[in-house]
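S.K.: One structure coming up, written as structure tokens, with questions to follow.
Residue numbers (full-length UniProt numbering): 1 to 343.
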């Protein structure tokens, strides 16, 4: 049984758009404006607290349950010897995967299109910049490529990527004027590496399956012109054209299963940067269990244990830290069960 047919809900802008660009390039403002103009849903950029923000029941969880990482520490000490930089990037990638699954689920369930800031498809530009700056080891790059390849292979790519091309000196100026104190420490070479990864790798690759629009900062200010450009696009390439209600149905079932979505992101590999000892895992796990969690949320945690067991050596030596995504899965799953019933 297919249930509701997705195609019956679709309209001209039942699509996924992503807005990409360097730090402080104006992505959020433009994405919000496009969503408002076209009747689409705006998804702000996913951070380390993504699911905690949209499905949490109060204060954000401690970073012990959110990847053992934060942006401030990264900018203050990008070469931290404990592997923090890759831990941050792996955690952010997992959250972007979760957000993209939510975007697809929203589109297939409601028919309303989505405009996002960045996506798991563009996340690698930061990893590339980190490696070129000497912030992370080659083994981290290899691990990331593996989880990315299998982590998004079941998704359909965005219909449109909008790239905001802001020169590095202008980015630095914006960061100095409006950025967080720790963001003002970012180097020009790091920003340049991000720009290079976008222009030399990301945009050429995505152009094979997506429409691409590029704007300077001043051009992006003319939202009506951007909307006009979008209206002229044909959207005549990419795997979306090959789908039907059956494939949409199976994709919707897949993206609703957050454990299944995240399994590939948490493959068991011994990567020191994202690994802790079994004893420390036990300590953190039971600290999490002792938190004040409502009954409606708490019973969800055992349902995530197969996900844990496939990636943790609970009584052994190592534990994959990226699998602490279970701390936010239980919130996301609970919310969707309450709002959507059995799906």
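Where is the CB? At the ideal position from N, CA and C, for every residue including glycine.
Please tell me whether residue 147 and residue 16 are closer than 8 Å, where the distance is taken between their beta carbons.
M.R.: No, they are not a contact pair.
S.K.: Over the uninterrupted beta strand (DSSP E) stretch that includes residue 43, give me the two end residues.
M.R.: Here the beta strand (DSSP E) through residue 43 covers 41–43.
S.K.: Here's the rule I'm using: 16 or more other beta-carbon atoms within 10 Å means buried, otherwise exposed. How should residue 43 be labelled?
M.R.: Result: buried.
S.K.: In this structure, what does DSSP give as the bridge partners for residue 242?
M.R.: Its beta-bridge partners do not exist; DSSP assigns none.
S.K.: Please check the pair residue 35 and residue 115, which I expect to be a contact at CB under 8 Å, by giving their CB distance rounded to whole angstroms.
M.R.: Correct: roughly 4 Å between the Cβ atoms.
S.K.: So residue 191 and residue 184 are supposed to be a Cβ contact under 8 Å. How far apart are they, rounded?
M.R.: Incorrect: roughly 12 Å between the Cβ atoms, too far for contact.
S.K.: Please name the residue, chosen from 159, 153, 124, that lies closest to residue 142 on a Cα-to-Cα basis.
M.R.: The shortest Cα separation from residue 142 among 159, 153, 124 belongs to 124.
S.K.: Using a Cβ-Cβ cutoff of less than 8 Å, which residues in the same chain neighbour residue 106 once the five nearest sequence positions on both sides are dropped?
M.R.: Only 41, 112, 114 meet the Cβ criterion.
S.K.: Would DSSP call residue 179 helix, strand or coil?
M.R.: Residue state, collapsed to three classes: coil.
S.K.: In the DSSP assignment, find the beta strand (DSSP E) that holds residue 259 and state where it starts and stops.
M.R.: Per DSSP, residue 259 belongs to no beta strand (DSSP E); it is in the alpha helix (DSSP H), 258–262.
S.K.: So residue 89 packs on residue 127, CB below 8 Å; how close in whole Å?
M.R.: About 5 Å; that satisfies the 8 Å criterion.
S.K.: Are there 16 or more other CB atoms within 10 angstroms of the CB of residue 67, so buried, or fewer, so exposed?
M.R.: Label assigned to residue 67: buried.
S.K.: With a threshold of 16 other CB atoms inside 10 Å of the CB of residue 309, please say whether the residue is buried or exposed.
M.R.: For residue 309, the predicted structure reports a pLDDT of 32, less than 50, and the residue's modelled location is therefore unreliable. The matter cannot be settled from this model.
S.K.: In the DSSP output, what is residue 216 paired with across the bridge?
M.R.: 165, per the DSSP bridge assignment.
S.K.: Strictly by DSSP, which residues pair up with residue 4?
M.R.: Its beta-bridge partners do not exist; DSSP assigns none.
S.K.: By how many angstroms is the C-alpha of residue 198 removed from the C-alpha of residue 172?
M.R.: Approximately 17 Å between the Cα atoms of the pair.
S.K.: Within the segment 80–152, note down every full alpha helix (DSSP H) run reaching 4 residues or more, in order along the chain.
M.R.: If we require 4 residues or more, the alpha helix (DSSP H) runs fully inside the segment 80–152 come out as 84–110, 124–132, 138–151.
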